[in-house]
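Below is one structure; the comments refer to it alone.
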Amino acid sequence: MKKKIAVSALVVSILAAGAAFAGNYGKASTKAAKDIVETAVEAGSFQTLAAALTAAGLVDTLKGPGPFTVFAPTDEAFAKLPAGTVEGLLQDKAKLTEILTYHVVAGKVMAADVVRLTEAKTVQGGTVRIDAKDGVKINGAKVVQADIATSNGVIHVVDTVLLPN
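If you want it as structure tokens, here you go:
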């Protein structure tokens with residue numbers, strides 16, 4: 001029963017966040033007083049990502065000095081995963097950490113830099129492919145908002161969860 005309630009709550013939060021998705025994530029602040037985590041939480045469309053970072057124990061890391069570049073999947077991106085995937089990952093800290101750190105690159109890589117790259121090494125140790133021919137794509141995930149400046153790096157919003165090979 002508790003599991004059904006938790007899954008239902010997760011689904012409701014994903015659906016609720018969908019309404020905020022279009023209006024909030026693209027509002028980049030002119031001053032970057034907030035860190036990556038605070039910026040993502042305030043946007044309202046990264047509730048699943050925030051829950052995953054908490055479950056993996058990565059919140060303090062992404063609140064640290066950095067700088068970090070985060071390819072942040074929205075709640076809608078997480079909703080594209082097969083049913084039960086998010087819930088399963090929240091129970092598997094090692095796999096969750098592997099996936100989340102695959103979304104992070106050390107250093108502050110702005111859009112102007114990303115378009116000149118063909119790949120980038122992630123904190124997880126793997127490499128993401130970058131294609132800037134028709135918009136920017138990271139392993140096929142479309143960057144839907146770039147250069148959200150934070151006090152400890154930058155967020156680029158992606159429409160798909162990146163999965164390491």
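The sequence shown begins at 1 in the working numbering and counts up by one. From the three backbone atoms N, C-alpha and C, an ideal C-beta is built for every residue, glycine too.
Curious, which full-length alpha helix (DSSP H) runs of at least 4 residues does the stretch 36–88 contain?
With a minimum length of 4 residues, the continuous alpha helix (DSSP H) runs that stay inside the stretch 36–88 are 36–43, 47–56, 59–62 and 75–79.
Just verifying my parser: in three-state terms, what is the DSSP assignment at lysine 93?
Looking up residue 93 in the sequence shown gives position 93. Lysine 93: helix per DSSP, three-state reduction.
Measure the C-alpha to C-alpha separation of lysine 95 and threonine 61 and round it to an integer number of angstroms.
Looking up residue 95 in the sequence shown gives position 95. Looking up residue 61 in the sequence shown gives position 61. Inter-residue distance for lysine 95 and threonine 61 is about 17 Å (C-alpha atoms, whole angstroms).
According to DSSP, simplified to helix, strand and coil, what is alanine 132?
Here residue 132 corresponds to residue number 132 of the sequence shown, with the count starting at 1. In this structure, alanine 132 counts as coil in the three-state DSSP scheme.
Can you tell me whether proline 82 is buried or exposed, with buried defined as 16 or more other CB within 10 angstroms of its CB?
Mapped onto the sequence shown, residue 82 falls at position 82. Proline 82 should be labelled exposed.
Neighbour-count burial assignment, threonine 39, 16 or more Cβ in a 10 Å radius:
Here residue 39 corresponds to residue number 39 of the sequence shown, with the count starting at 1. With 16 or more Cβ atoms within 10 Å of its Cβ, threonine 39 is classed as buried.
Given a cut-off of 8 Å on the beta-carbon distance, is the pair threonine 160 and lysine 63 in contact?
Within the sequence shown, residue 160 is the residue found at index 160, counting from 1. Within the sequence shown, residue 63 is the residue found at index 63, counting from 1. No, the pair does not count as a contact, with Cβ atoms beyond the cut-off.
Going by C-alpha to C-alpha distance, which of Val115, Ala141 and Val154 sits closest to glycine 66?
Residue 66 sits at position 66 when you count from the first residue of the sequence shown. The residue with the shortest Cα to Cα distance from glycine 66 is Val154.
Run through DSSP, which three-state label would leucine 163 get?
Against the sequence shown, residue 163 aligns to sequence position 163. Coil at leucine 163, not helix or strand.
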